[in-house]
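So the protein lines, in turn, are chains A and B. Take the first sequence: its letter number 2 is residue 3 in the working numbering, and every next letter is one higher. Take the second sequence: its letter number 176 is residue 182 in the working numbering, and every next letter is one higher.
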Amino acid sequence: MIKTLKKLPIVTKLVYLLTLILFILWVIPTILSYMNNLNEYKERTQALNNISSKYAINDETKKFSQEQFKKDTKKLFSQVVIKKVDEKNYKINIKMKQENLKSFNSFLETFSLRYYAKVTQPLEFKVKDEMINLTMMVQAF
Amino acid sequence: MTRVPNKKQGEKMSSKKYVTITHYKEREFYFLNHAIQTNDGFISKEIEQFHESEKEKLIEKIRLLKQQYPLNQIISISLDATQLVQNKEDPTKASAEIFKNNYVMQEKIDIGNLPVTLYFSPFSILYKEYKHKLDDKLTLIIGLFDRKLYIMFATKDKIEQSWTLGTRGLTEKQVATRVYKSMQTYYKISHKFADHIQMLVPEDAPKLLKVLREELSMSIVLKQKTIHNLLHSMGADQRNFSSSYMKPAGRSIPSQKSDNKEEQAPMANLKDLSLNIEDTQEINQQKEPSFGDKLKSFFKPKAVKKETKIIEKKNNNTLNLSLFTPLLVVFLSGAYFTAQKNSLETKLALTNTQSQIQIQNISLAKTTQNVFDAMGRSGELHSATISDKHIKLKGLVWGIEPLKEKLNSLYARGNFSIKPLENFMTEFTFTANISKV
Numbered sequence: 002m003i004k005t006l007k008k009l010p011i012v013t014k015l016v017y018l019l020t021l022i023l024f025i026l027w028v029i030p031t032i033l034s035y036m037n038n039l040n041e042y043k044e045r046t047q048a049l050n051n052i053s054s055k056y057a058i059n060d061e062t063k064k065f066s067q068e069q070f071k072k073d074t075k076k077l078f079s080q081v082v083i084k085k086v087d088e089k090n091y092k093i094n095i096k097m098k099q100e101n102l103k104s105f106n107s108f109l110e111t112f113s114l115r116y117y118a119k120v121t122q123p124l125e126f127k128v129k130d131e132m133i134n135l136t137m138m139v140q141a142f
Numbered sequence: 007m008t009r010v011p012n013k014k015q016g017e018k019m020s021s022k023k024y025v026t027i028t029h030y031k032e033r034e035f036y037f038l039n040h041a042i043q044t045n046d047g048f049i050s051k052e053i054e055q056f057h058e059s060e061k062e063k064l065i066e067k068i069r070l071l072k073q074q075y076p077l078n079q080i081i082s083i084s085l086d087a088t089q090l091v092q093n094k095e096d097p098t099k100a101s102a103e104i105f106k107n108n109y110v111m112q113e114k115i116d117i118g119n120l121p122v123t124l125y126f127s128p129f130s131i132l133y134k135e136y137k138h139k140l141d142d143k144l145t146l147i148i149g150l151f152d153r154k155l156y157i158m159f160a161t162k163d164k165i166e167q168s169w170t171l172g173t174r175g176l177t178e179k180q181v182a183t184r185v186y187k188s189m190q191t192y193y194k195i196s197h198k199f200a201d202h203i204q205m206l207v208p209e210d211a212p213k214l215l216k217v218l219r220e221e222l223s224m225s226i227v228l229k230q231k232t233i234h235n236l237l238h239s240m241g242a243d244q245r246n247f248s249s250s251y252m253k254p255a256g257r258s259i260p261s262q263k264s265d266n267k268e269e270q271a272p273m274a275n276l277k278d279l280s281l282n283i284e285d286t287q288e289i290n291q292q293k294e295p296s297f298g299d300k301l302k303s304f305f306k307p308k309a310v311k312k313e314t315k316i317i318e319k320k321n322n323n324t325l326n327l328s329l330f331t332p333l334l335v336v337f338l339s340g341a342y343f344t345a346q347k348n349s350l351e352t353k354l355a356l357t358n359t360q361s362q363i364q365i366q367n368i369s370l371a372k373t374t375q376n377v378f379d380a381m382g383r384s385g386e387l388h389s390a391t392i393s394d395k396h397i398k399l400k401g402l403v404w405g406i407e408p409l410k411e412k413l414n415s416l417y418a419r420g421n422f423s424i425k426p427l428e429n430f431m432t433e434f435t436f437t438a439n440i441s442k443v
């Protein structure tokens with residue numbers, strides 16, 4: 002084996018050496034990193050799926066859109082107004098009866114499981130005649 | 007172990023089936039042949055062709071032939087483009103004595119691990135073919151072997167000059183022009199011009215011959231023989247090869263040989279004389295260029311020189327596209343896993359963000375629910391600003407102490423304040439920072 006290697010031309014040796022260096026310094030670490038990430042990703046995904054099951058959410062997480070949000074919330078609250086502030090940010094006004102606050106809180110708990118978006122804090126509440134007016138900002142990602 | 011024909015070789019060759027096994031490499035193929043030598047000439051067998059990747063098969067075939075015909079010579083030809091004929095032998099180079107004081111030399115012998123007992127230069131073969139025709143007049147002898155022209159000016163006493171010309175990629179017209187220019191250059195130096203031309207063409211090259219005739223305006227005597235037949239002919243009689251086969255550098259020089267020619271054994275085995283191309287190139291750079299070299303460098307364009315080098319490299323099997331296959335596989339697998347890793351990292355970052363936001367949202371929902379529940383019958387909330395770090399509440403209170411106690415129980419460091427209103431009602435405000443447990 003060593004005798005055969007010694008007989009190889011210098012170009013061949015250099016190419017083989019480069020191949021070995023690339024394999025050791027690039028391919029192997031990349032594969033190991035990929036495998037680690039894959040395991041972590043599976044664990045995280047499994048944890049999120051478990052939480053989704055707990056809230057009886059069967060749909061996959063969706064990209065946030067005005068239409069989808071209105072469609073999902075119109076049955077839950079008395080009035081929903083959503084305005085696009087810029088490319089990623091939305092201002093949302095929700096009008097609901099005070100007795101529906103629990104529905105809102107449940108919706109809030111599952112918000113990140115339903116959409117790739119985050120609620121920008123704080124939440125602004127105005128209460129008048131048992132009706133709650135809520136203003137909040139949402140950032141899609 | 008090589009068997010050398012003994013004294014009465016001529017007679018015994020036929021009775022004991024003296025066989026010459028010939029092989030040479032042209033482009034990426036090896037060609038193998040063997041012939042039974044008889045007193046009336048040799049009987050050539052079928053030529054076999056092996057791709058360079060089947061080298062082991064070729065070696066095995068030679069081994070079988072050797073077993074079958076114990077009395078044999080294995081003969082090959084040196085197609086090295088750097089060989090030259092000179093008057094003095096250089097012991098540092100591989101050489102063969104063509105005839106007295108005329109030695110063909112090349113830097114080293116490179117035949118890999120192929121078995122060879124007799125190794126001939128095309129110049130030796132050319133001389134052997136035409137020696138009976140040589141006289142005092144200058145004759146130009148041209149041999150075409152493996153797309154290279156081996157050219158020499160010779161008289162019966164001396165080989166005046168020799169050189170090689172690559173023909174690959176050149177038209178017949180270009181080749182003929184270069185042969186003519188070579189002759190002109192030689193004439194300028196020596197004031198001699200060849201009186202006639204002899205040409206040995208192992209391959210069919212009628213067009214080249216035609217163009218050469220036109221370009222040189224001379225009659226050319228053509229001889230067509232295959233390399234195998236030339237080699238069988240060289241190996242038929244020891245008188246042919248007693249000194250003219252090529253010996254590696256450092257061997258005893260033929261001029262110092264014993265008078266008894268039959269005692270001189272051909273090379274036993276050349277396999278340990280395989281040399282690498284780098285060494286050869288290094289020596290080439292150091293050596294003083296001869297007339298032939300000057301001619302070559304003068305007439306050969308750079309592209310042709312490069313091409314010759316490429317041919318040499320191919321012949322030595324040093325560069326192969328398959329060489330890059332492992333590198334390509336490593337590169338592709340590295341690129342694939344890098345892309346996969348990057349994609350997965352993006353997904354993982356998204357999942358992590360989702361998990362963090364989920365926790366924050368649960369906390370926010372809990373805070374909101376706590377705040378509204380805390381009002382109970384003690385107060386009425388008018389406005390609230392709620393985050394998971396800070397809350398600010400404002401409303402009417404009618405059970406000050408219960409509300410204060412309730413809010414303080416939720417947020418211990420909160421600031422509860424009241425303000426009497428004109429309508430005999432009391433307004434409360436509550437602010438607190440939420441510390442995370």
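We treat Cβ as the ideally placed atom computed from N, Cα and C, and that holds for glycine.
>> Which residues does DSSP list as the beta-bridge partners of Gly-149 (chain B)?
In response: Looking at the DSSP output, Gly-149 (chain B) sits in a beta bridge with B:Tyr-156, B:Leu-206.
> For the beta strand (DSSP E) that Phe-105 (chain B) lies in, which residues bound it at each end?
Replying inline: Note, Phe-105 (chain B): beta strand (DSSP E), 100–105.
> Grouping DSSP H, G and I as helix and E and B as strand, with all else coil, what is Trp-27 (chain A)?
Replying inline: It is helical.
> If the cut is a Cβ gap below 7 Å, which residues of chain B does Leu-39 (chain A) touch?
Replying inline: Annotation: Cβ neighbours of Leu-39 (chain A) in chain B (cutoff 7 Å, chain order): Leu-350.
> How many angstroms separate the CA atom of Ser-84 (chain B) from the CA atom of Tyr-125 (chain B)?
Replying inline: Each residue's Cα considered, the two are about 7 Å apart.
> Taking Cβ-Cβ distances below 9 Å as the criterion, which residues of the stretch 52–70 of chain A are in contact with chain E?
Replying inline: Within the model displayed, chain E is absent; protein chains A and B are what it includes.
> Does any heavy atom of the ligand SAM sit closer than 8 Å to the C-beta of Leu-327 (chain B)?
Replying inline: The ligand SAM is absent from the structure shown, which contains no ligand whatsoever.
>> Spatial neighbours of Gly-149 (chain B) within its chain, please: C-beta separation below 6 Å, excluding the five flanking residues on both sides.
In response: Taken in chain order, the residues that qualify are Pro-128, Leu-132, Tyr-156, Leu-206.
> Ile-406 (chain B): which of B:Arg-383, B:Tyr-417, B:Ser-393, B:Thr-331 sits nearest, CA to CA?
Replying inline: Of the candidates B:Arg-383, B:Tyr-417, B:Ser-393, B:Thr-331, the one whose C-alpha sits nearest the C-alpha of Ile-406 (chain B) is B:Arg-383.
>> So with CB distances below 7 Å, who are the chain A contacts of Thr-191 (chain B)?
In response: Those do not exist, as Thr-191 (chain B) stays about 35 Å from chain A at its closest Cβ, beyond 7 Å.
> For Thr-437 (chain B) versus Ile-397 (chain B), is the C-beta spacing smaller than 9 Å?
Replying inline: In this structure, Thr-437 (chain B) lies near Ile-397 (chain B), with their beta-carbon atoms less than 9 Å apart.
> If Leu-135 (chain A) and Ile-95 (chain A) are in contact, beta carbons under 8 Å, what's the gap, nearest whole angstrom?
Replying inline: Taking the Cβ atoms as the reference, Leu-135 (chain A) lies roughly 5 Å from Ile-95 (chain A), within the contact range of under 8 Å.
> Within 9 Å (strictly less), CB to CB, does Gly-340 (chain B) reach chain A?
Replying inline: At least one chain A Cβ lies under 9 Å of Gly-340 (chain B).
> In chain B, which residues lie less than 7 Å from Thr-5 (chain A) when you measure between Cβ atoms?
Replying inline: Near Thr-5 (chain A) there are no residues of chain B at all, since even the closest Cβ is about 11 Å away, more than 7 Å.
>> Classify Leu-26 (chain A): buried if its beta carbon has 16 or more other beta carbons within 10 angstroms, exposed otherwise.
In response: With a threshold of 16 other beta carbon atoms within 10 Å, Leu-26 (chain A) falls short and is exposed.
>> Spatial neighbours of Ile-52 (chain A) within its chain, please: C-beta separation below 8 Å, excluding the five flanking residues on both sides.
In response: Non-local C-beta neighbours of Ile-52 (chain A) in its own chain, meaning closer than 8 Å and more than five positions away in sequence, comprise Leu-114, ordered along the chain.
> If we call anything under 9 Å between Cβ atoms a contact, is Thr-232 (chain B) one with Ile-81 (chain B)?
Replying inline: No, the Cβ-Cβ distance between Thr-232 (chain B) and Ile-81 (chain B) is not below 9 Å.
> Any residues in the stretch 80–105 of chain B with a beta carbon nearer than 7 Å to a beta carbon of chain A? Which ones, in chain order?
Replying inline: Answer in chain order: no residues at all.
> Out of curiosity, what's the CA-to-CA distance linking Lys-71 (chain A) and Lys-103 (chain A)?
Replying inline: Cα-Cα distance, rounded: 19 Å.
>> Strictly below 7 Å CB to CB, what residues from chain B border Leu-114 (chain A)?
In response: Those are Gln-364, listed as they occur along chain B.
>> Please give the ranges of any alpha helix (DSSP H) in the stretch 52–109 of chain B, keeping only runs that are unbroken, at least 4 residues long and fully inside the region.
In response: Taking only runs of at least 4 residues, the alpha helix (DSSP H) segments lying wholly in the stretch 52–109 of chain B are 61–74.
>> Just to confirm before moving on: does the CB-CB distance between Tyr-36 (chain B) and Tyr-30 (chain B) stay below 9 Å?
In response: Tyr-30 (chain B) is positioned such that its CB atom lies closer than 9 Å to that of Tyr-36 (chain B).
>> Can you give me the C-alpha to C-alpha distance between Leu-21 (chain A) and Glu-58 (chain B), rounded to a whole angstrom?
In response: Their backbone Cα atoms lie some 27 Å apart in a straight line.
> beta strand (DSSP E) containing Thr-62 (chain A): first to last residue?
Replying inline: Taken as a continuous stretch (DSSP letters only), Thr-62 (chain A) belongs to no beta strand (DSSP E), as it is neither H nor E.
> Any Cβ of chain B within less than 9 Å of the Cβ of Lys-92 (chain A)?
Replying inline: Closer than 9 Å: no.
> Between the Cα of Lys-129 (chain A) and the Cα atoms of B:Gly-241, B:His-388, B:His-238, which residue gives the shortest distance?
Replying inline: Of B:Gly-241, B:His-388, B:His-238, the residue nearest in Cα terms is B:His-388.
> Skipping 5 residues on each side, what residues in its chain have a beta carbon closer than 7 Å to that of Glu-386 (chain B)?
Replying inline: Closer than 7 Å at Cβ, skipping near neighbours: Gly-401, Leu-402.
> Does the Cβ-Cβ distance between Val-139 (chain A) and Thr-111 (chain A) come in under 9 Å?
Replying inline: Taking the C-beta atoms as reference points, Thr-111 (chain A) is found no nearer than 9 Å to Val-139 (chain A).
> Of all the CB atoms in chain A, is at least one closer than 9 Å to the CB of Gln-360 (chain B)?
Replying inline: Closer than 9 Å to some Cβ of chain A, the Cβ of Gln-360 (chain B) qualifies, so yes.
> To the nearest whole angstrom, what separates the beta carbons of Lys-63 (chain A) and Tyr-116 (chain A), a pair I think is in contact under 8 Å?
Replying inline: Rounded, the Cβ-Cβ distance is 6 Å, consistent with contact.
>> Counting C-beta neighbours from all protein chains within 10 Å, is the total for Trp-169 (chain B) 16 or more, i.e. buried, or is it exposed?
In response: Buried is the call here.
> Where does the unbroken alpha helix (DSSP H) through Tyr-24 (chain B) begin, and where does it stop?
Replying inline: That residue, Tyr-24 (chain B), is in no alpha helix (DSSP H); it is neither H nor E in DSSP.
> Given a limit of 8 Å on CB to CB distance, which residues of the stretch 115–135 of chain A reach chain B?
Replying inline: Answer in chain order: Tyr-117, Lys-119, Val-120, Gln-122, Pro-123, Leu-124, Glu-125, Phe-126, Lys-127, Val-128, Lys-129.
> So, is Ser-250 (chain B) buried or exposed, given that buried needs 16 or more other C-beta atoms within 10 angstroms?
Replying inline: Buried, since its Cβ has 16 or more Cβ neighbours within 10 Å.
> Can you find at least 3 beta carbon pairs, one from the stretch 99–108 of chain B and one from the stretch 71–81 of chain B, that sit closer than 8 Å?
Replying inline: Not touching, per the Cβ criterion.
>> Considering only DSSP beta bridges, list what Lys-31 (chain B) is partnered with.
In response: Partner(s): B:Tyr-36.
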